[in-house]
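Written below as structure tokens is the structure these notes are about.
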Amino acid sequence: MDELVATVVRGLGIGSTYALLAVGFVIIYRTTQVISFAQPALMILGAFATASFVSGAGLPFWLAVVASMAVLAVVGALTERIALRPMVGRPPFSAAMVTVGVFIVLLIVAFRLIGTRVVTVGDPWGLSRVELFGVSVFAVDVAKTVIALSTIAVVGVVLMRSRVGLAMRATALDQETALAQGIDVGRMFGLAWATAAGLAALAGTLIGTGAGGVEATTALVALKALPVIILGGLDSIKGSVVAGLVIGVAESLTRTYQPQVAPWLGSNFDVVVPYLIMVVVLMVRPYGLYGTKEVQRV
Amino acid sequence: MSTVLESQSHRRGGVGRPDRSLRGRPLLYTDYADEMAIWNTPAKRFWTLMLVVAALALPFFVQRDITALMTTVLVYAIGGIGLNIISGYAGQVSLGHAFFLGLGAYTAAVLGGEDSPPAVGLGLPMWVWLPAAAIVPGLVGLLVAPVAARVRGLYLAILTLGLVFLGEHVFREAAWMTGGGGVGRAPAEPVLFGVDLYSRQTVLGVELGRQQVFYFTCFVIFVVMAILARNLTRSRFGRAFAAVRDRDLAAEIMGVSLLRTKTLAFAVSSAYAGVAGALLSIVFGRITPENWNLFLSVDFLAVILIGGIATISGSIIGAAFVVLLPRLVQELAVHVPFISGAVGQGGVLNIFQLQTILFGALIVLFLILEPRGLFGIWLRVRNYFKAWPFSY
């Protein structure tokens, strides 16, 4: 029982970082109809930025996180302006491929900056434990879940309640009509990328907390946000949160129990569980759990 | 006008190819089949012949490593053509190409490789394993297609991405097939009718190195597969692919079965990938499950994006570009001051990072500036000279 609770809590911790990344994907997708494959690189750069602010500039952890999110938001907005703005009106796949190119370039930048080191983000939790329902769990997992979910909640409230959020949703609904209503659609695109990059930076930092730290290759972890958005539906923030947590917990449960229950599935099976869940769900629901079904009219 | 009718009636009369009665007007087509011919202009016929001659003469004039590199170009071109069939012609974006390449490579290795426990190898000749390397991935493509046909657009891209990760896991675990993760195995051996096509041979008194022999082998396979693909795209099925790509709903209304068309495109594309994978594994020399990862898929996407979407010649140009670029960078980097030659020697970037970063930047630049890729640039150059001295 203790093991189960600890496993689930760890899964929620991982899952909430996936959810953060996935929300970034969804915001970009809804506003610009593009899937950004550049998120993993932005994430790893975000983790690096936090680490540099902590160790280089000597900022406290919280300030470093905010600073890193701000820096990455600028990087994200610039990426959109330089690489993706010219792709407006082109097929979504071409634009998605541009982000693959951006991913490669930014990833090399990250490799150059981080090299073969393991970067620690200087978080206050480390290996400390807390009591939850009478079970001792890692504080970092609880912290991850709380920070990620509350950030997503803030983003959600801003999108639903503020003028900017309304403008972004209008852009998502219909770009031309939004333009006609006096919304600066280009700025909304930039804003979407900035938000997503900021969320990616936070996710990167959270992944770097706890015992491990991040290496340059940790970037590939962020690719797991892709099955998450597919599972949740490409255009649903609620979907990404639910799917992120589901996939995080499923992955964590597999890591704990699969070696005992089904060793024939091979070592490191938990790494591919998200993709397996995605394939199975797509067979049943082609638009994910909460995705809007595309209506085709003749 | 009367000449036109004459030549048409000529054709109906069953004489065969219409005599080119319109001498001096090579671009006037008098029937559809003529216009859709692969080599529909004299210039195309001439230059294709020249290219073939050049490709055949090449290995005698360059060094061995360049010959090996050109072999890789041919193999990448086969794989690129395969990806172009599914993603370029049929419009179904696939990030899963690397999985099918791996499947082809391992089918070939199990059938045609040597037994090296834990990896199984049956040591069969090439005429068995090469078709099998096309058929097995083709069949798996058939199995995947019904699932893939249910989802559209970017959902499909990510679904096929999942295929790469699942495939990599299976390859790592199935040691009887692949030798296991990080260990790998030897690839299939290209032995055809008792002749090892990856060893020194003397043909008609000419001594050929093993790179040259294998280059010619790949060249023959490449030419056959390229012409097959070109013919496929000119056929009924090719038109169905394009219809599904351009507007699937409209295609369905016109009586094109979406499921059947997509399934066919998947199967053919996977078969091409399988052949390319089998040949690529011989070029690699030793294959590990880690060879067939996402980055290989991205390589092939770059081939078709840089070369030109939905063109066979574009896939070939793109393959040449993607394979030769790193080598070119390597040759040139010596002259650039802030690039270090090896990992961990300082400098702003090392050579591998420079190669990769250029690769990424070029994908972005091509998509933004010339969506039709290198083939589009070629078209513009050609049209400029065709209309010369007028601007259009």
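Each protein sequence line maps, in turn, to chains A and B. Count the first sequence with my numbering and you get residues 1365 to 1662, in order. Count the second sequence with my numbering and you get residues 191 to 582, in order. Ideal Cβ placement from N, Cα and C applies to all residues, glycine included.
State the start and end residues of the unbroken beta strand (DSSP E) segment that holds residue i.
i: Phe1502 (chain A); result: 1499 to 1502
i: Val414 (chain B); result: Per DSSP, Val414 (chain B) belongs to no beta strand (DSSP E); it is in the alpha helix (DSSP H), 400 to 424.
i: Leu391 (chain B); result: The sequence as given places Gln at residue 391 (chain B); Leu does not occur at that position. 391 to 393 is the extent of the beta strand (DSSP E) around Gln391 (chain B).
From which residue to which residue does the alpha helix (DSSP H) around residue i run?
i: Arg572 (chain B); result: 563 to 577
i: Arg1619 (chain A); result: 1601 to 1625
i: Gln545 (chain B); result: 541 to 559
i: Leu1496 (chain A); result: First-last for Leu1496 (chain A): 1493 to 1496, but that is the beta strand (DSSP E), not the alpha helix (DSSP H).
i: Thr451 (chain B); result: 448 to 474
i: Val1418 (chain A); result: 1403 to 1419
i: Val1549 (chain A); result: 1549 to 1572
i: Leu387 (chain B); result: It is not in any alpha helix (DSSP H) - Leu387 (chain B) carries neither H nor E in the DSSP assignment.
i: Met1642 (chain A); result: 1637 to 1648
i: Trp319 (chain B); result: 316 to 340
i: Gln520 (chain B); result: 502 to 523
i: Pro1456 (chain A); result: 1456 to 1478
i: Gln1539 (chain A); result: 1539 to 1544
i: Ser262 (chain B); result: According to the sequence displayed, residue 262 (chain B) carries Thr and not Ser. That run of the alpha helix (DSSP H) goes 254 to 273.
i: Lys159 (chain B); result: This structure cannot speak to residue 159 (chain B), because chain B is shown only from 191 to 582.
i: Phe485 (chain B); result: 484 to 497
i: Leu217 (chain B); result: Here Leu217 (chain B) belongs to no alpha helix (DSSP H), and DSSP marks it neither H nor E.
i: Ser284 (chain B); result: Taken as a continuous stretch (DSSP letters only), Ser284 (chain B) belongs to no alpha helix (DSSP H), as it is neither H nor E.
i: Ser1380 (chain A); result: 1366 to 1396
i: Leu1427 (chain A); result: 1425 to 1443
i: Gly374 (chain B); result: Gly374 (chain B) -> no alpha helix (DSSP H), and no H or E assigned at all.
In chain B, which residues lie less than 8 Å from residue i when you measure between Cβ atoms?
i: Leu1598 (chain A); result: Leu344, Tyr345
i: Met1642 (chain A); result: Ile348, Leu349, Gly352
i: Pro1488 (chain A); result: Simply none; closest approach about 34 Å.
i: Gln1660 (chain A); result: Leu439
Could you tell me how far apart the beta carbons of residue i and residue j are, in whole angstroms, since I believe they sit closer than 8 Å?
i: Thr1535 (chain A); j: Thr1395 (chain A); result: 5 Å
i: Ser1400 (chain A); j: Thr1463 (chain A); result: 5 Å
i: Pro1591 (chain A); j: Ile1611 (chain A); result: 6 Å
i: Phe1412 (chain A); j: Ala1589 (chain A); result: Not quite, the Cβ-Cβ distance comes to about 18 Å (not below 8 Å), so this is no contact.
i: Gly566 (chain B); j: Ile496 (chain B); result: So it is not a contact: roughly 10 Å between Cβ atoms.
i: Met1532 (chain A); j: Met1552 (chain A); result: 5 Å
i: Gly302 (chain B); j: Met316 (chain B); result: 6 Å
i: Ala1415 (chain A); j: Val1485 (chain A); result: 5 Å
i: Phe427 (chain B); j: Leu448 (chain B); result: That pair is no contact at about 13 Å.
i: Arg1445 (chain A); j: Gly1562 (chain A); result: Not confirmed; about 16 Å, so no contact.
i: Ala245 (chain B); j: Phe409 (chain B); result: 6 Å
i: Ala1583 (chain A); j: Leu1385 (chain A); result: About 11 Å separates the two Cβ atoms, so there is no contact after all.
i: Thr1515 (chain A); j: Leu1566 (chain A); result: 6 Å
i: Ser346 (chain B); j: Val283 (chain B); result: A quick correction: the sequence has Leu, not Ser, at residue 346 (chain B). The Cβ separation is near 6 Å, so the contact holds.
Taking C-beta pairs closer than 7 Å, name the residues in chain B that residue i reaches, listed in chain order.
i: Leu1555 (chain A); result: In chain order: nothing, as chain B lies at least about 21 Å away.
i: Tyr1639 (chain A); result: Gly352, Phe355, Leu356
i: Ser1458 (chain A); result: Leu557, Pro561
i: Leu1590 (chain A); result: Ile348, Leu351
i: Val1636 (chain A); result: Phe355, Leu356, His359
Using a Cβ cut-off of 9 Å, pull out every chain B residue sitting near residue i, in sequence order please.
i: Gln1539 (chain A); result: The premise fails here: Gln1539 (chain A) is roughly 18 Å from chain B at the closest Cβ pair, so nothing lies under 9 Å.
Counting only Cβ pairs nearer than 7 Å, list the residues of chain A close to residue i.
i: Thr546 (chain B); result: Ile1468, Ile1472
i: Glu363 (chain B); result: Gly1630
i: Leu495 (chain B); result: Met1461
Using the beta-carbon of each residue, which ones in chain A are nearer than 9 Å to residue i?
i: Val337 (chain B); result: Val1643, Leu1646, Met1647
i: Leu491 (chain B); result: Met1461, Val1464
i: Arg340 (chain B); result: Leu1646, Met1647, Pro1650
Could you check whether the Cβ of residue i sits closer than 7 Å to any heavy atom belonging to the ligand SAH?
i: Arg517 (chain B); result: As for the ligand SAH, it is missing from this structure, which has no ligand bound.
With a cut-off of 8 Å, do at least 3 Cβ pairs link the region 222 to 240 of chain B to the region 416 to 427 of chain B?
By the Cβ criterion, the region 222 to 240 of chain B is in contact with the region 416 to 427 of chain B, since at least three pairs of Cβ atoms, one from each stretch, lie closer than 8 Å.
Three or more C-beta pairs closer than 8 Å, one from the region 1633 to 1648 of chain A and one from the region 330 to 350 of chain B: is that the case here?
By the C-beta criterion, the region 1633 to 1648 of chain A is judged to be in contact with the region 330 to 350 of chain B, since at least 3 inter-stretch pairs fall below 8 Å.
Between the region 1443 to 1456 of chain A and chain B, which residues of the former have a C-beta closer than 8 Å to a C-beta of the latter?
Look at the region 1443 to 1456 of chain A: the residues with a C-beta under 8 Å from a C-beta of chain B are Ala1447, Pro1450, Met1451, Arg1454, Pro1456.
Flag this pair as touching only if the region 1602 to 1611 of chain A and the region 1426 to 1435 of chain A have three or more C-beta atom pairs under 8 Å; answer yes or no.
Output reads no: the region 1426 to 1435 of chain A does not touch the region 1602 to 1611 of chain A.
At least three beta-carbon pairs within less than 8 Å, the region 1449 to 1468 of chain A to the region 546 to 553 of chain B:
As far as the Cβ criterion goes, the region 1449 to 1468 of chain A touches the region 546 to 553 of chain B, which means the pair count is three or higher.
With 7 Å as the limit, tell me which residues of the region 549 to 582 of chain B have their beta carbon closer than that to any beta carbon of chain A; keep them in chain order.
Those residues of the region 549 to 582 of chain B that come within reach of chain A (Cβ to Cβ, closer than 7 Å) are Phe549, Gly550, Ala551, Ile553, Val554, Leu557, Ile558, Pro561.
Just checking, does the region 456 to 463 of chain B make contact with the region 287 to 300 of chain B on the three C-beta pairs under 8 Å criterion?
Taking 8 Å as the limit for Cβ pairs, the verdict is that the region 287 to 300 of chain B does touch the region 456 to 463 of chain B.
Would you be able to state if there are at least three C-beta pairs under 8 Å between the region 255 to 267 of chain B and the region 395 to 409 of chain B?
A contact between stretches requires three or more CB pairs, one per stretch, nearer than 8 Å, and the region 395 to 409 of chain B meets this requirement with the region 255 to 267 of chain B.
For the region 1592 to 1624 of chain A, list every residue whose C-beta sits within 9 Å of some C-beta in chain B, in sequence order.
Contacts with chain B (Cβ-Cβ distance below 9 Å) from the region 1592 to 1624 of chain A involve Ile1593, Ile1594, Leu1598, listed in chain order.
Residues in the region 268 to 287 of chain B having any Cβ partner in chain D nearer than 7 Å:
The structure shown contains no chain D; the protein chains it does contain are A and B.
So, do the region 570 to 581 of chain B and the region 505 to 517 of chain B have three or more beta carbon pairs nearer to each other than 8 Å?
The region 570 to 581 of chain B vs the region 505 to 517 of chain B: no contact.
Where the region 430 to 445 of chain B meets chain A: residues whose CB sits under 8 Å from a CB there:
Hits within the stretch, in order: Leu439, Ile443.
Under 8 Å: do the region 1467 to 1481 of chain A and the region 1403 to 1419 of chain A share three or more Cβ pairs, one atom per stretch?
These segments touch.
According to a CB-to-CB cut-off of less than 8 Å, which residues of the region 454 to 488 of chain B neighbour chain A?
Taking 8 Å as the cut-off between beta carbons, the residues of the region 454 to 488 of chain B near chain A are Leu484, Val488, in sequence order.
Given a limit of 7 Å on CB to CB distance, which residues of the region 1380 to 1403 of chain A reach chain B?
Residues of the region 1380 to 1403 of chain A whose Cβ lies closer than 7 Å to any Cβ of chain B, in chain order: Ile1399.
Hey, is the region 292 to 306 of chain B in contact with the region 464 to 479 of chain B, meaning 3+ C-beta pairs nearer than 8 Å?
Yes: the two stretches touch, three or more of their Cβ pairs being nearer than 8 Å.
For the region 387 to 396 of chain B and the region 477 to 488 of chain B, state whether three or more C-beta atom pairs, one from each stretch, are separated by less than 8 Å.
As far as the Cβ criterion goes, the region 387 to 396 of chain B does not touch the region 477 to 488 of chain B, which means the pair count is below three.
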